[in-house]
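Participant:
Residue numbers (our numbering): 886 to 1287.
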């Protein structure tokens, strides 16, 4: 099966696991980075986050052989099955039951605020630095509060924990929505900028005193401040490119349950400065305590948004071309939601000034072309770029314009 992907679950570090069979290897495409979840669970079990070693964390995340692709993950069934605790449970414990309501507790407790902040940071750090693919275990993307326990004699064949509470992330009165919202934007960011497939990776900083980690990956700069109480203004980080940068994702946004302290970076460009700490250039950032941010070159964000329709998507709706298909763009004017219809021309729709978009697609007969990846059937783009809609309605970062 040429299209199949093989994944090896190996903890021994077998050197030939992902080498081709003709070279004497096992021929797996990917290896699970099993040391990463073990490290984070150990850190949470055995100490406080103010004692975390930034060098140890970055070493564990980057400890893989050149050209050997690994799947990074924060946690899996090993933590979710009865007998252990997930990251969210280790971080918040009983307050996952008592402190997640926005309605009864508008201000998050210190425990919940810490848990939400670190949970977002750990996921982004692993996705950014841990490997060439990313795995999330069902429900852990929104901090599922309970474990999984399959029916067995020891629990009286109970089905009580033999399920996932997907409704928790959809409840607007609960903070679980913030975990999921961040995961969605984090995955969309990778889909747009494709750093997992990039061989460019350089750890710029791992400062154990400041509790700061910064690295370059695929033309992006990732900056993390794990310090529990110390924020830094004008914090200088060395980078490899001579180009202004802009923030495209940060863990402190209000839609992720944060305090919105990094809003300036989304609307303003960070100018490039002189060399710093063995890097040819540098940038100065505001790093609030327990936050993470991702910056990209300003030039990459130019050109607005282009939407294209793949043959697989059109064929699934009985269409042979995009002719007659209308994109209904949602806009807000004077606080009211409006819809702006736009026709596909030359197989695409261009939103030249847009940095994000929410829209529906309507075929020539007036029927809605559903988005299989969205419960409300709407398509969402969060970053400027070219996107192709394929299959059941999934967005894929399309090749840039020639």
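Don't be surprised by glycine CBs; every beta carbon is placed ideally from N, CA and C.
Measure the alpha-carbon distance for residue 1285 versus residue 1128 and round it to whole angstroms.
Facilitator: Position 400 of the chain shown, counted from the first residue, corresponds to residue 1285. Position 243 of the chain shown, counted from the first residue, corresponds to residue 1128. Caution is warranted here: a pLDDT of 42 is assigned to residue 1285, below 50, making its placement in the model unreliable, and no coordinate value can be reported.
Participant: Report the option in 893, 940, 1036, 1161 whose CA atom is closest to the CA atom of residue 924.
Facilitator: On the chain shown, residue 924 is found 39 positions in, with the first residue counted as 1. Closest by alpha carbon: 940.
Participant: Less than 7 Å between C-beta atoms, sequence neighbours within five positions excluded: which residues of the same chain meet that for residue 938?
Facilitator: Here residue 938 corresponds to residue number 53 of the chain shown, with the count starting at 1. Counting only Cβ-Cβ distances below 7 Å, and skipping sequence neighbours, we find 1093.
Participant: By DSSP, does residue 1282 sit in helix, in strand, or in coil?
Facilitator: Counting from one through the chain shown, the residue named residue 1282 turns up at place 397. Reduced to three states, the DSSP call for residue 1282 is strand.
Participant: Applying the 10 Å Cβ sphere with the 16-neighbour rule, what's the burial state of residue 984?
Facilitator: Taking the first residue of the chain shown as 1, we reach residue 984 at position 99. Result: buried.
Participant: The beta strand (DSSP E) with residue 1166 in it runs from where to where?
Facilitator: Within the chain shown, the letter at position 281 stands for residue 1166. Unbroken beta strand (DSSP E) run through residue 1166: 1166–1172.
Participant: Can you tell me whether residue 1277 is buried or exposed, with buried defined as 16 or more other CB within 10 angstroms of its CB?
Facilitator: Indexing the chain shown from 1 puts residue 1277 at position 392. Per the 10 Å Cβ criterion, exposed.
Participant: Counting C-beta neighbours from all protein chains within 10 Å, is the total for residue 1108 16 or more, i.e. buried, or is it exposed?
Facilitator: Here residue 1108 refers to the residue found at position 223 when the chain shown is read from its first residue. Per the 10 Å Cβ criterion, buried.
Participant: Do three or more CB pairs link the segment 1016–1029 to the segment 964–976 at distances below 8 Å?
Facilitator: yes
Participant: What are the uninterrupted segments assigned as alpha helix (DSSP H) that are 4 or more residues long and contained completely in the segment 957–991, given in chain order?
Facilitator: 962–965, 972–977, 980–983
Participant: Does DSSP put residue 1258 in a helix, in a strand, or in coil?
Facilitator: Counting from 1 along the chain shown, the entry for residue 1258 is found at position 373. In the structure shown, residue 1258 sits in coil (DSSP, three-state: anything other than H, G, I, E or B).
Participant: Got a sec, what are the start and stop residues for the beta strand (DSSP E) residue 1018 sits in?
Facilitator: Stepping through the chain shown from its first residue, residue 1018 is reached at position 133. From DSSP, the beta strand (DSSP E) with residue 1018 extends over 1018–1020.
Participant: For residue 888, which option in 900, 914, 895, 1187 has the closest C-alpha, if you only look at C-alpha atoms?
Facilitator: Taking the first residue of the chain shown as 1, we reach residue 888 at position 3. Among 900, 914, 895, 1187, the Cα nearest to that of residue 888 belongs to 914.
Participant: Buried or exposed: where does residue 1287 fall if 16 or more other Cβ atoms within 10 Å of its Cβ makes it buried?
Facilitator: The sequence position of residue 1287 within the chain shown is 402, counting from 1. Reliability of the predicted coordinates at residue 1287 is poor, the pLDDT of 36 falling under 50, and no value is obtained from them.
Participant: Where residue 1158 and residue 1176 are concerned, what is the direct C-alpha to C-alpha distance, given to the nearest angstrom?
Facilitator: Sequence index remark: in the chain shown, residue 1158 carries index 273 (1-based). Sequence index remark: in the chain shown, residue 1176 carries index 291 (1-based). Their Cα atoms are separated by approximately 23 Å.
Participant: Out of 1229, 1216, 1149, point me to the one whose CA is closest to residue 1209's CA.
Facilitator: What you label residue 1209 is simply residue 324 of the chain shown in a count that begins at 1. When each option's Cα is compared against that of residue 1209, the closest is 1229.
Participant: Between the Cα of residue 1168 and the Cα atoms of 1206, 1125, 1020, 1015, which residue gives the shortest distance?
Facilitator: For the purposes of this step, residue 1168 is identified with residue 283 of the chain shown, where counting begins at 1. With respect to the C-alpha of residue 1168, the residue from 1206, 1125, 1020, 1015 having the closest C-alpha is 1125.
Participant: Please report the Cβ distance between residue 1014 and residue 961, rounded to the nearest whole angstrom; I am assuming they are in contact, meaning their Cβ atoms lie under 8 Å.
Facilitator: For this step, residue 1014 is matched to residue 129 along the chain shown. For this step, residue 961 is matched to residue 76 along the chain shown. Not really, about 18 Å apart at Cβ, beyond 8 Å.
Participant: Compare the Cα-Cα distances from residue 1122 to each of 1142, 1165, 1139 and report the closest residue.
Facilitator: For this step, residue 1122 is matched to residue 237 along the chain shown. Residue 1165 is the option with its Cα nearest to residue 1122.
Participant: I need the boundaries of the beta strand (DSSP E) containing residue 1092, first residue and last residue.
Facilitator: Start at 1 with the first residue of the chain shown, and residue 1092 comes out as number 207. Start and end: 1086–1092.
Participant: Going by DSSP, what residue range makes up the alpha helix (DSSP H) through residue 1074?
Facilitator: Against the chain shown, residue 1074 aligns to sequence position 189. That run of the alpha helix (DSSP H) goes 1061–1078.
Participant: Leaving aside the five residues before and after residue 953 along the sequence, list all residues of the same chain whose C-beta is less than 7 Å from its C-beta, in chain order.
Facilitator: Working through the chain shown from its first residue, we reach residue 953 at position 68. Cβ within range, chain order: 903, 916.
Participant: On the DSSP bridge list, what partners appear for residue 1110?
Facilitator: Along the chain shown, one-based indexing puts residue 1110 at 225. BP columns for residue 1110 point to 1097, 1176.
Participant: Please report the distance separating the alpha-carbon of residue 1058 from that of residue 1186.
Facilitator: By 1-based counting over the chain shown, the position of residue 1058 is 173. By 1-based counting over the chain shown, the position of residue 1186 is 301. Approximately 34 Å between the Cα atoms of the pair.
Participant: Secondary structure at residue 1043, three-state DSSP: helix, strand or coil?
Facilitator: In the chain shown, the residue the question calls residue 1043 occupies position 158. In the structure shown, residue 1043 sits in coil (DSSP, three-state: anything other than H, G, I, E or B).
Participant: Straight-line CA distance for residue 1010 to residue 1044?
Facilitator: For the purposes of this step, residue 1010 is taken as the residue at position 125 of the chain shown. For the purposes of this step, residue 1044 is taken as the residue at position 159 of the chain shown. Cα-Cα distance, rounded: 35 Å.
Participant: Looking at residue 1215: is its Cβ nearer than 9 Å to the Cβ of residue 1245?
Facilitator: Residue mapping note: residue 1215 aligns to position 330 of the chain shown, counting from 1. Residue mapping note: residue 1245 aligns to position 360 of the chain shown, counting from 1. Yes. Within cutoff.
Participant: In three-state DSSP terms, what is residue 1226?
Facilitator: As a first step, residue 1226 must be located in the chain shown, where it is residue number 341. Note: residue 1226 maps to strand in three-state DSSP.
Participant: Taking 8 Å as the limit between beta carbons, can you name the residues of its chain near residue 895, skipping five residues before and five after?
Facilitator: Along the chain shown, read from residue 1 onward, the residue named residue 895 stands at position 10. Cβ neighbours of residue 895 beyond the five flanking positions: 902, 916, 917, 919.
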